[in-house]
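Using the numbering used here, you'd call the opening residue of the sequence shown number 19 and step up by one each time. For reference, the structure discussed in these notes is given below.
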Amino acid sequence: MTYLTEVETHKARKAHRCEWCWQCIEIGSQYKRYRFYNGGDVGTVKAHIECYDAMQDAAYEEGGYIEWTPGQDRPCIADTTEEAKDKELTT
């Protein structure tokens with residue numbers, strides 16, 4: 019029987035590896051985390067917020083749960099900072 023904990027949002031106190039894209043989750047950035055228990059297997063999944071969203075989209079498309087191999091494409095994040103907005107106006 020498989021059991022999943024609630025998904026939590028954490029702020030990284032140390033560097034982690036994203037289970038979706040396999041890139042670094044840098045110190046100070048937010049990430050999603052949940053744990054799973056499947057028979058004798060136990061694990062913790064940590065992912066960038068945008069990677070977690072991509073994981074959920076992929077699971078939805080497959081009708082529920084999915085299995086994946088780390089190294090998927092990391093989704094782009096829209097840069098909404100004031101500096102980026104100013105750059106758009108000047109180009």
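Think of the CB as a built atom: it goes at the ideal place given N, C-alpha and C, for glycine as much as any other residue. Small disclaimer: the values here were computed from a predicted structure and weren't measured.
Drop a sphere of 10 angstroms on the beta-carbon of residue i, count the other beta-carbons inside from all chains shown, and report buried for 16 or more, exposed for fewer.
| i | result |
| --- | --- |
| E80 | exposed |
| W38 | buried |
| R31 | exposed |
| Y49 | buried |
Among the options, whose alpha-carbon lies nearest the alpha-carbon of residue i?
| i | options | result |
| --- | --- | --- |
| I95 | C69, G46, R31 | C69 |
| M73 | G89, T20, E44, V60 | G89 |
| H28 | N56, D59, S47, W40 | S47 |
| C42 | K50, A33, Y49 | A33 |
| F54 | C36, D91, E44, M19 | M19 |
| E24 | D59, V63, E44 | V63 |
Quick test of your reading: residue i and residue j, contact by CB under 8 Å. State the CB separation rounded to the nearest angstrom.
| i | j | result |
| --- | --- | --- |
| R51 | E26 | 5 Å |
| A76 | Y83 | Not really, about 10 Å apart at Cβ, beyond 8 Å. |
| H66 | R35 | Not quite, the Cβ-Cβ distance comes to about 11 Å (not below 8 Å), so this is no contact. |
Leaving aside the five residues before and after residue i along the sequence, list all residues of the same chain whose C-beta is less than 6 Å from its C-beta, in chain order.
| i | result |
| --- | --- |
| Y21 | Y55 |
| W40 | P88, G89 |
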